[in-house]
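Notes follow the structure.
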Amino acid sequence: MERTLSSETLEKIDQKVKLLGWAATIRDHGKITFIDLRDRKGIVQCVGQNFPKVTPESVIEVEGTIVKRPENLVNKNIPTGEVEVKVEKITVLTKSTELPIPIDGDGLEIEEPARLKYRYLDLRRPRMSRNLRLRSRATMFIRNWLTERDFVEVETPILTKTTPEGARDFIVPSRLQPGKFYALPQSPQQYKQLLMVAGFERYFQVARCFRDEDPRADRAYGEFTQLDLEMSFVTQDDILKLTEELFTSLVKEVFPEKKVSTSPWPRISHKEAEEKYGNDKPDLRKDKNDKNELAFVWIVDFPLFTEQTKEDFFHGAGNAKWVPSHHMFTAPHIDDISLLDKDPSKVRGLQHDLVLNGYEVGGGSIRIHDPEIQKKIFDLIGFTSEQKREFEHMLTAFSFGVPPHGGIAPGIDRLLMVILGEPNLREVMAFPMTAGGTTAVMDAPSQPQDAQLKELNIKVTSK
Ligand code: ASP
Numbered sequence: 001m002e003r004t005l006s007s008e009t010l011e012k013i014d015q016k017v018k019l020l021g022w023a024a025t026i027r028d029h030g031k032i033t034f035i036d037l038r039d040r041k042g043i044v045q046c047v048g049q050n051f052p053k054v055t056p057e058s059v060i061e062v063e064g065t066i067v068k069r070p071e072n073l074v075n076k077n078i079p080t081g082e083v084e085v086k087v088e089k090i091t092v093l094t095k096s097t098e099l100p101i102p103i104d105g106d107g108l109e110i111e112e113p114a115r116l117k118y119r120y121l122d123l124r125r126p127r128m129s130r131n132l133r134l135r136s137r138a139t140m141f142i143r144n145w146l147t148e149r150d151f152v153e154v155e156t157p158i159l160t161k162t163t164p165e166g167a168r169d170f171i172v173p174s175r176l177q178p179g180k181f182y183a184l185p186q187s188p189q190q191y192k193q194l195l196m197v198a199g200f201e202r203y204f205q206v207a208r209c210f211r212d213e214d215p216r217a218d219r220a221y222g223e224f225t226q227l228d229l230e231m232s233f234v235t236q237d238d239i240l241k242l243t244e245e246l247f248t249s250l251v252k253e254v255f256p257e258k259k260v261s262t263s264p265w266p267r268i269s270h271k272e273a274e275e276k277y278g279n280d281k282p283d284l285r286k287d288k289n290d291k292n293e294l295a296f297v298w299i300v301d302f303p304l305f306t307e308q309t310k311e312d313f314f315h316g317a318g319n320a321k322w323v324p325s326h327h328m329f330t331a332p333h334i335d336d337i338s339l340l341d342k343d344p345s346k347v348r349g350l351q352h353d354l355v356l357n358g359y360e361v362g363g364g365s366i367r368i369h370d371p372e373i374q375k376k377i378f379d380l381i382g383f384t385s386e387q388k389r390e391f392e393h394m395l396t397a398f399s400f401g402v403p404p405h406g407g408i409a410p411g412i413d414r415l416l417m418v419i420l421g422e423p424n425l426r427e428v429m430a431f432p433m434t435a436g437g438t439t440a441v442m443d444a445p446s447q448p449q450d451a452q453l454k455e456l457n458i459k460v461t462s463k
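One point on numbering: in full-length UniProt numbering, the residue at position 88 of the sequence shown is 88, and numbering is uninterrupted.
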């Protein structure tokens with residue numbers, strides 16, 4: 001017999017069916033036993049007599065007939081509440097021992113280490129399962145929407161050279177070149193710009209980014225996912241409009257219960273945001289108690305540079321007073337180019353930040369495509385000749401006909417966290433790291449074997 005899914009039971013009243021899934025709850029009333037069978041579509045009640053011993057969360061196969069429930073026994077809380085399965089045969093395929101964490105509630109009250117150690121159980125919880133399914137639908141929508149508009153998805157290397165975005169790099173030792181290391185990309189920034197030189201004109205990638213920085217509720221430790229976008233021959237306005245259209249359609253299609261409060265999205269200068277709201281990520285919701293309101297706002301006209309802090313220096317910034325407030329490939333405002341020599345603090349950058357309900361959910365810019373200006377920026381941020389050499393390939397590439405270009409990179413995790421109203425990023429990630437930087441379930445990082453270290457020419461000295 002072919003398998004029937006729980007969601008298909010309503011259409012198969014009076015038919016014989018076979019269902020497969022987990023015994024979500026078991027209510028044994030002596031003579032008669034009820035089991036809620038859960039599969040990927042939801043749950044359906046199974047009822048019968050003389051069941052073999054079934055423990056909760058065991059995997060079962062049920063054969064029986066679907067019957068309509070009498071009016072007074074209909075369960076309005078579940079989509080299959082009008083029917084139940086009269087069990088003729090029940091087989092336990094695999095038995096479950098007692099779960100270390102409960103999975104019926106929203107789970108937010110359980111200590112996080114336990115949730116992450118048993119993440120595969122935590123993901124059985126309807127809320128987590130729903131979040132990941134919505135995430136998949138959202139990325140699929142984005143991929144289709146962009147592909148229909150001539151964008152090409154290109155994968156860029158993970159083992160690469162430093163691409164600074166203001167955080168520490170993760171580095172990976174090279175076996176073939178002892179003593180040398182790859183850096184994991186903090187973003188695909190340089191590669192996407194090189195793809196513009198290559199003539200793709202419209203690029204995107206659902207890209208994994210790696211940053212070794214301290215975690216916060218809205219910042220995952222280690223890795224996160226960006227929708228990385230880049231376009232040639234565009235103005236800043238084109239980038240903002242495209243992003244706005246994309247996310248407006250996404251909300252309509254995948255999150256129809258959510259309402260975007262203002263359209264077109266307001267655009268506020270960095271200065272105005274600071275003056276009016278005291279920060280550069282204002283929460284412009286009209287009603288902060290409304291969980292379905294989405295208030296997007298653009299922040300533009302950022303200063304190109306900010307003053308260097310010790311942290312910046314450690315993360316590979318240059319040795320001058322100035323660091324880029326976005327990154328070093330962001331173009332200065334065309335009217336402010338002459339100020340680069342006179343007063344760098346007054347130069348505005350063609351940077352745009354996307355803010356949603358008080359969270360920064362993306363940033364981007366029009367890029368420098370003039371090698372002379374790029375060199376000037378390197379000087380202004382105090383790059384040593386060695387640091388300049390690290391980025392020589394960009395200047396070389398730009399000597400072969402580079403189109404004017406720009407882009408943006410909204411964070412997928414953060415965007416979903418805010419749209420779904422989740423309190424933290426890990427609620428929309430399948431296997432996030434703990435706050436202490438260990439991976440869910442598998443407990444990395446771990447110690448390599450001595451032979452591995454030897455092969456890599458690495459000695460670990462204890463501190
Ligand atoms: N690479 C930038 C970031 O990760 C985004 C961009 O400029 O497109 O923030």
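Backbone N, C-alpha and C define an ideal beta-carbon position, used for all residues, glycine too.
If you look at Ile26, you'll find it in the beta strand (DSSP E) that goes 16-29. If you draw a 10 Å sphere on the C-beta of Glu230, you find 16 or more other C-beta atoms in it, and that means buried. Its Cα nearest to that of Ile419, the residue Val254 stands out among Leu194, Val254, Ile66, Gln190. In chain order, Leu19, Asp39, Arg40, Lys41 place their CB closer than 8 Å to the CB of Leu5, counting only its own chain and leaving out the 5 sequence neighbours on each side. The three-state secondary structure of Ile381, taken from DSSP, is coil. Counting other Cβ atoms within 10 Å of its Cβ, Thr156 reaches 16 or more and is therefore classed as buried. Residue burial annotation: Phe233 is exposed, with fewer than 16 other C-beta atoms found within 10 angstroms of its C-beta.
Going by DSSP, Phe141 is part of no beta strand (DSSP E) but of the alpha helix (DSSP H) stretching over 126-148.
With distances taken between CA atoms, Arg125 lies nearest to Asp106 out of Asp290, Asp106, Arg3.
The C-beta distance from Asp122 to Arg130 rounds to 13 Å, too long to fall under 8 Å, and the pair is not in contact.
The beta carbon of Lys376 is closer than 7 Å to those of Leu340 in its chain, skipping five residues each way along the sequence. Annotation: the continuous alpha helix (DSSP H) that includes Lys342 extends over 339-342.
If one requires a minimum length of 4 residues, the alpha helix (DSSP H) runs lying completely within the stretch 380-425 are 385-390, 392-397, 412-420, in chain order. Going by DSSP, Lys86 is part of the beta strand (DSSP E) stretching over 83-94. Note that the C-beta distance between Arg285 and Glu274 is not below 8 Å. Residue side-chain check: Gln226 places its Cβ nearer than 7 Å to a non-hydrogen atom of the ligand ASP. With distances taken between CA atoms, Thr160 lies nearest to Lys180 out of Lys180, Phe141, Trp145. Closest in C-alpha terms to Arg137, from the list Ile239, Thr80, Val251, comes Val251.
For the options Thr91, Asp228, Lys76, Ser249, the alpha carbon positioned closest to that of Phe141 is the one of Ser249. Sixteen is the threshold: since fewer than 16 other Cβ atoms of the shown chains lie within 10 Å of the Cβ of Pro423, the residue is exposed.
The stretch 164-173 makes no contact with the stretch 237-245: fewer than 3 CB pairs, one atom from each, lie closer than 8 Å. When the alpha-carbon of Thr33 is set against those of Gln49, Val402, Gln186, the nearest one is in Gln49. Below 8 Å, enough C-beta pairs join the stretch 343-350 and the stretch 318-333 to call them touching: three or more. Beta-bridge pairing by DSSP links Ala207 to Gln226.
In this structure the stretch 445-460 does not lie against the stretch 395-403, because fewer than three pairs of beta carbons, one per stretch, are closer than 8 Å. Using a C-beta cut-off of 8 Å, the stretch 261-275 makes contact with the stretch 297-309, since at least three inter-stretch Cβ pairs fall below that distance. In this structure, DSSP gives Ser345 a helical state, which the three-state scheme calls helix. The alpha-carbon of Glu455 is positioned some 15 Å away from that of Gln447. Between the stretch 397-412 and the stretch 361-369, the count of C-beta pairs closer than 8 Å reaches three or more; the two stretches touch. A straight-line Cα-Cα distance of about 7 Å links Thr91 and Val62. Where Arg119 is concerned, the enclosing alpha helix (DSSP H) starts and stops at 119-122. CA-CA distance, Thr147 to Phe247, rounds to 15 Å. Counting only the Cα atoms, Ile66 lies some 7 Å from Lys12. When DSSP states are grouped into helix, strand and coil, Thr439 belongs to the coil group.
DSSP, reduced to helix, strand and coil, places Ile43 within a strand of the structure shown. Short of 8 Å from the beta carbon of Ser7, and not among the five residues preceding or following it, lie these beta carbons of its own chain, in chain order: Lys41, Gly42, Pro79, Thr80.
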